[in-house]
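Numbering (full-length UniProt numbering), first residue to last: 1 to 298. Using N, Cα and C, we set each Cβ at its ideal position, and we do this for glycine too. Worksheet: the structure to be examined is printed underneath.
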């Protein structure tokens, strides 16, 4: 029989990225949290955490975390149906991983009314769209928006549509680096802007132009900061069409190759046994995304 106090300690350590913050979240001493983890490991007969900074779940730890995520959602459904079971504690937050560009564009409007109607709290974990699924695989989140098509075991994946990106730069940057017009070779020589080490959009774009190899780039792990750096003339980069309408209209940013947008499919991943809440959120997101994202067939 699983002891959910022990599982709650495991989830807190992973979600809070350490024992000290987990203890604060649970209202326990750090020693008590450590003891619960040790007891859980004794019961399952193997380690559930790699004691790194931050702590990382082992394979069995990931399985237990996945279970905790799904149980939390099912408990919410039961409490809604049987209010007497609600012990009056703080509401659980639904942990969702999503890419920064979705957060900066369509996500807030998509979930605003749903969260208000459901009394739902969110805890958003921002990851690049190419790697966000690792959070679900690690059991850290109940759902994920990312570019990965294949779901993890026990989960479903639904295509929401595609985020359309445009290669943009400031007029001054274009004048300096492309005085005779934008070419693939010229793009490879001009400094770019990249969101982070996992962001391969600019690499993919250049590859589509038959340009291979390395190139110089700034790293900027902020969607808004990315646009501001481009406006300031520091580099060129791929930006969501949804995000830069005002900058394009005002002429602060200009397209480099208007005939070559890049569409990145976005998938909504969620646990199969996520309960009524995740099912309702999935339907809500699907309807909203159809009005904001580019229709895609795969």
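C-alpha gap between residue i and residue j, whole angstroms
i           : j           : result
residue 144 : residue 268 : 6 angstroms
residue 15  : residue 189 : 41 angstroms
residue 257 : residue 76  : 49 angstroms
residue 287 : residue 19  : 40 angstroms
residue 40  : residue 253 : 55 angstroms
residue 71  : residue 2   : 12 angstroms
residue 163 : residue 199 : 15 angstroms
residue 118 : residue 247 : 35 angstroms
residue 260 : residue 236 : 14 angstroms
residue 185 : residue 193 : 17 angstroms
residue 239 : residue 280 : 30 angstroms
C-beta contact flag for residue i and residue j at 9 angstroms
i           : j           : result
residue 37  : residue 10  : yes
residue 285 : residue 205 : no
residue 209 : residue 220 : no
residue 125 : residue 95  : yes
residue 313 : residue 275 : The requested residue 313 does not occur in the structure, where the chain is confined to residues 1 to 298.
residue 296 : residue 161 : yes
residue 187 : residue 155 : no
Beta-ladder partner(s) of residue i, from DSSP
i           : result
residue 93  : 121
residue 193 : 218
residue 162 : 265 and 294
residue 271 : 155
residue 237 : 168
residue 57  : 49
Residue i classed as buried or exposed, judged by whether at least 16 other C-beta atoms fall within 10 angstroms
i           : result
residue 172 : exposed
residue 116 : exposed
residue 13  : buried
residue 50  : exposed
residue 123 : exposed
residue 291 : exposed
residue 108 : exposed
residue 207 : exposed
residue 174 : buried
Within-9 angstroms CB hit, residue i to chain C
i          : result
residue 14 : Of the chains in the structure shown, none is chain C; there is only one protein chain.
Contact between the segment 51–68 and the segment 134–150 (3+ Cβ pairs under 8 angstroms): yes
Looking at C-beta atoms only, is the number of pairs between the segment 23–32 and the segment 41–59 that lie closer than 8 angstroms three or more? no
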